[in-house]
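One structure is given here, and the rest of the page talks about it.
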Amino acid sequence: MNKIHVLDEKTAGQIAAGEVIERPAGVLKELLENSVDAGATAVHINIEGGGRELIRINDDGCGMSPEDLAASVLRHATSKINRFEDLNTLHTFGFRGEALYSVAAVSRMSMTSCTDGGDGSRLEIEGGKVLAQSPAPAIRGTTVEIKDLFFNVPARLKFLKSASYERACLLKVVEESALANLQVGYTVVSSGREVYRMPAQPDNSAQSVLARAKEILGEEVAGSLINKDFEELGLRIFITPPDKLVASRDLQFMFINRRPIESKTIQQAVYRAYQNVRPKDRHPAFIIYMEKDPASFDVNIHPQKRDIRFADERGMFNLIMKTVTETVFAAATAVEMKPQVAEQPAAPLPVLDEKISTPAPAQSTELFESKAPEISAEPSLSLTENAFTPRPTFMLRETDAPAPQSAPVAAPQPIAKSVDTNKKEPAWWHGPYHYLGQLEKTYLVFENPDGLVLIDQHAAQERVLYEKYLDAFEARKVTVQDLMFPIHVDLPPSNAETLMSWADWLKGAGFEISQFSPRTILVSTVPSMLRFKEDNMKAFIESLAQVVGDPAKSDDTLKRKMVALLACKKAIKAHDQISAAEAEGLLENMKKCRDGMHCPHGRPCVAVLGTKDIAKLFGR
Ligand code: ADP
Ligand code: MG
Numbered sequence: 310m311n312k313i314h315v316l317d318e319k320t321a322g323q324i325a326a327g328e329v330i331e332r333p334a335g336v337l338k339e340l341l342e343n344s345v346d347a348g349a350t351a352v353h354i355n356i357e358g359g360g361r362e363l364i365r366i367n368d369d370g371c372g373m374s375p376e377d378l379a380a381s382v383l384r385h386a387t388s389k390i391n392r393f394e395d396l397n398t399l400h401t402f403g404f405r406g407e408a409l410y411s412v413a414a415v416s417r418m419s420m421t422s423c424t425d426g427g428d429g430s431r432l433e434i435e436g437g438k439v440l441a442q443s444p445a446p447a448i449r450g451t452t453v454e455i456k457d458l459f460f461n462v463p464a465r466l467k468f469l470k471s472a473s474y475e476r477a478c479l480l481k482v483v484e485e486s487a488l489a490n491l492q493v494g495y496t497v498v499s500s501g502r503e504v505y506r507m508p509a510q511p512d513n514s515a516q517s518v519l520a521r522a523k524e525i526l527g528e529e530v531a532g533s534l535i536n537k538d539f540e541e542l543g544l545r546i547f548i549t550p551p552d553k554l555v556a557s558r559d560l561q562f563m564f565i566n567r568r569p570i571e572s573k574t575i576q577q578a579v580y581r582a583y584q585n586v587r588p589k590d591r592h593p594a595f596i597i598y599m600e601k602d603p604a605s606f607d608v609n610i611h612p613q614k615r616d617i618r619f620a621d622e623r624g625m626f627n628l629i630m631k632t633v634t635e636t637v638f639a640a641a642t643a644v645e646m647k648p649q650v651a652e653q654p655a656a657p658l659p660v661l662d663e664k665i666s667t668p669a670p671a672q673s674t675e676l677f678e679s680k681a682p683e684i685s686a687e688p689s690l691s692l693t694e695n696a697f698t699p700r701p702t703f704m705l706r707e708t709d710a711p712a713p714q715s716a717p718v719a720a721p722q723p724i725a726k727s728v729d730t731n732k733k734e735p736a737w738w739h740g741p742y743h744y745l746g747q748l749e750k751t752y753l754v755f756e757n758p759d760g761l762v763l764i765d766q767h768a769a770q771e772r773v774l775y776e777k778y779l780d781a782f783e784a785r786k787v788t789v790q791d792l793m794f795p796i797h798v799d800l801p802p803s804n805a806e807t808l809m810s811w812a813d814w815l816k817g818a819g820f821e822i823s824q825f826s827p828r829t830i831l832v833s834t835v836p837s838m839l840r841f842k843e844d845n846m847k848a849f850i851e852s853l854a855q856v857v858g859d860p861a862k863s864d865d866t867l868k869r870k871m872v873a874l875l876a877c878k879k880a881i882k883a884h885d886q887i888s889a890a891e892a893e894g895l896l897e898n899m900k901k902c903r904d905g906m907h908c909p910h911g912r913p914c915v916a917v918l919g920t921k922d923i924a925k926l927f928g929r
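This is the structure we're talking about:
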């Protein structure tokens, strides 16, 4: 057996680095936090090769003396806390004194820094080893340059994704930092191309938030945000009203004390506030700022300091739900709500992200103790293989909150049975049928020797289209149609970057895209079998960034299915009025489908009302 020994400094450093930084975006996040902590009013960021080759950040903050510069890369070197108790009163981002030490351990790093009126100094480090320190020009501020990240940790290197994926992550970090620190100006140049130039805002007023939001969310979304401040509660809410919801779920930002965070509690509270007015495939864009006593929440549960646990999760849920409701619906009285939105049945809470299946700490079960939260799988976003078979209407949250102990209630039995999925070809399938007509412009009614067969016309059309398109896609035989006028889609640059990294793949799907500007994507072809209205096309592209960019959905077959599903959902379906021949043609096409019994989202599209059931209705 090996003897116990203390890890050498180099190995220890690399392990520590693994906890602090997973990818280039993690490095940039730490460096940006340091610049903001140093009181910078302008930061310039340069990226090459998705951050793997180079991340350089220059700030005009307080700088460091030559001695501090040398000390800054030591483990647990920090100017921000002295004692453990300081953690509770912390108002800076950094505190562990690990970031520079960790980054230095896994890269070739140089830092140049100078305080006001002090001496400039430059430090060079490689794989954690200080190579040299030398005098440098006395320009106040700090420049940190990271080259060849993970050059000495091949395992980490392998784990990195394409340069454009990493670039998208880097931009996301900048976007969050920029929304959190309005009075700091940011420029970002990636591979020689300027992606962002955001001037410092004069203050933290709502106007400044909106000006910044415009640069990040785009003019249209930012322009639709409504704002309400709840000063005494330390809350500022900027959110899209029900008639301006967006297709993407990516435009949701939350901050506590200017720190970007993730909190399912908060996200779910927002969705709860929208539950009666939100169509399933539309999402609020929002920026929520919270100022909270650092003692009332714990940011330390995750090394990357994102997931927040509140001392009073339930209180937080209620607070956010109430304030969002007030923000949105106080304003909504003035907003004419589209009937189509208002009449939508309550859209259930979405499954908020892939991490939903990770077990959460036990205390969060009491989050919703009175109402066991029921979150329905949302087809377009939580699609898994089994979404192609009927899915359960409700799933419990990951916390396994106990189901409500309700007394059994006899549910009204629908007379028309939807067709059993397992039996692929029911009796009426082959039998002669006769088209009787259309009900509510939605259901096609056929009779056959066994009774009545009802077809959900739109669901059936979507199924037929979906299989046809998916087959072509899988066979790499999607024929395309050039758009006379390419469609412009505005996206946050990080999303545009993600999409562009999938451009070749999307070409195979029939969508040819190109980048018009850091935030604008041009769509120049669509599959010939799909037709889109411009708005739907935009919504499709916005959601697409989410589907393709999510590493959890890396399986290619699954991705193809998701993209096909999304495309067919947004495509224009045949007109409502349908001739007998068209109705019969549709039924025949359904029979040819692999799963003609269900729409692509798993809902049944056929129901049978047997002659026996009909007889029963009349007491025969
Ligand atoms: P932490 O931020 O947790 O203190 P870091 O390793 O990120 O730890 O940084 C160590 C120290 O180096 C900081 O506490 C700060 O004093 C100094 N420092 C780092 N970056 C900068 C910068 N851009 N400007 C001025 N000082 C900096
Ligand atoms: Mg730091």
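Note that the sequence shown covers residues 310 to 929 in the working numbering.
Every residue, glycine too, gets a C-beta built ideally from N, C-alpha and C.
Exposure of Gln-790 is indicated by the presence of fewer than 16 other C-beta atoms within 10 angstroms of its C-beta. Glu-776 is classed as buried because its beta carbon has at least 16 other beta carbons within 10 Å across all chains shown. Cβ-Cβ separation between Pro-909 and Glu-771: approximately 6 Å, consistent with a contact (criterion under 8 Å). Counting C-beta pairs with one atom in each stretch, the region 573 to 590 and the region 623 to 637 have three or more that are closer than 8 Å, which means they touch.
Look at the beta carbons and you see the region 751 to 766 touching the region 910 to 922: at least three pairs across the two are nearer than 8 Å. His-592 is bridged by DSSP to Val-555. Across the set Trp-814, Thr-807, Met-507, the C-alpha of Thr-807 shows the shortest separation from the C-alpha of Thr-829. The closest CA to that of Lys-882, considering only Val-773, Pro-801, Met-899, is found on Val-773. In the DSSP secondary-structure assignment, Glu-756 is bridged to His-743, Leu-761.
For the region 525 to 578, the full-length beta strand (DSSP E) segments reaching 3 residues or more read 535 to 539, 544 to 548, 561 to 565 along the chain. Gly-450 sits close to Asn-367, with the two beta carbons spaced by under 8 Å.
For the pair Val-798 and Asp-559, the Cα-to-Cα distance works out to about 15 Å. Ala-472 sits close to Gly-358, with the two beta carbons spaced by under 8 Å. Annotation: Thr-424 to Ala-447 spans about 8 Å, alpha carbon to alpha carbon. For the pair Pro-801 and Glu-524, the Cα-to-Cα distance works out to about 8 Å. At a threshold of 7 Å, Asn-343 counts as near the ligand MG, since its beta carbon sits closer than that to one of the ligand's heavy atoms. Straight through space, the alpha carbons of Arg-840 and Glu-339 are spaced by roughly 45 Å. For Gln-855, the enclosing alpha helix (DSSP H) begins and ends at 843 to 858. By the 16-neighbour rule on beta-carbons within 10 angstroms, Pro-463 is exposed. Measuring C-alpha to C-alpha distances from Ala-892 to each of Arg-618, Leu-753, Asp-844 identifies Leu-753 as the nearest. Per the DSSP secondary-structure output, Lys-438 pairs in a beta bridge with Glu-435. In this structure, the ligand ADP has no non-hydrogen atom nearer than 7 Å to the beta-carbon of Met-793.
A heavy atom of the ligand ADP is found nearer than 7 Å to the CB of Glu-339.
Contact check for Ala-408 and Cys-371: beta-carbon distance about 17 Å, past the 8 Å limit, so the pair fails to qualify. Assignment of beta strand (DSSP E) within the region 475 to 500, counting only whole runs of 3 or more residues, yields 494 to 499 in chain order.
Taking the Cα of Pro-551 as reference, the smallest distance to any Cα among Leu-488, Leu-519, Gln-584, Leu-469 is reached at Gln-584. For the options Lys-925, Trp-811, Tyr-598, Ser-833, the alpha carbon positioned closest to that of Glu-821 is the one of Ser-833. Setting aside the 5 residues that flank it on each side, Tyr-598 is surrounded in the same chain by Arg-545, Phe-564, each with a C-beta closer than 6 Å to its C-beta; the list follows chain order. Phe-562 is a Cβ neighbour of Ile-596, given a cutoff of 8 Å.
Between Met-420 and Leu-378, the gap from beta carbon to beta carbon is short of 8 Å. Taking the C-beta atoms as reference points, Glu-475 is found nearer than 8 Å to Ala-334. Secondary-structure assignment with DSSP links Phe-606 through a beta bridge to Phe-619. Around Leu-895, the same chain offers Ala-769 as residues with beta carbons nearer than 6 Å, after the five sequence neighbours per side are excluded.
DSSP places Leu-378 within a helical segment (H, G or I) once states are collapsed to three.
According to the DSSP secondary-structure assignment, Asp-368 is paired through a beta bridge with Val-352, Thr-451. The beta carbon of Ala-578 sits closer than 6 Å to those of Phe-626, Ile-629, Met-630, all from its chain and outside the five residues before and after it, given in chain order.
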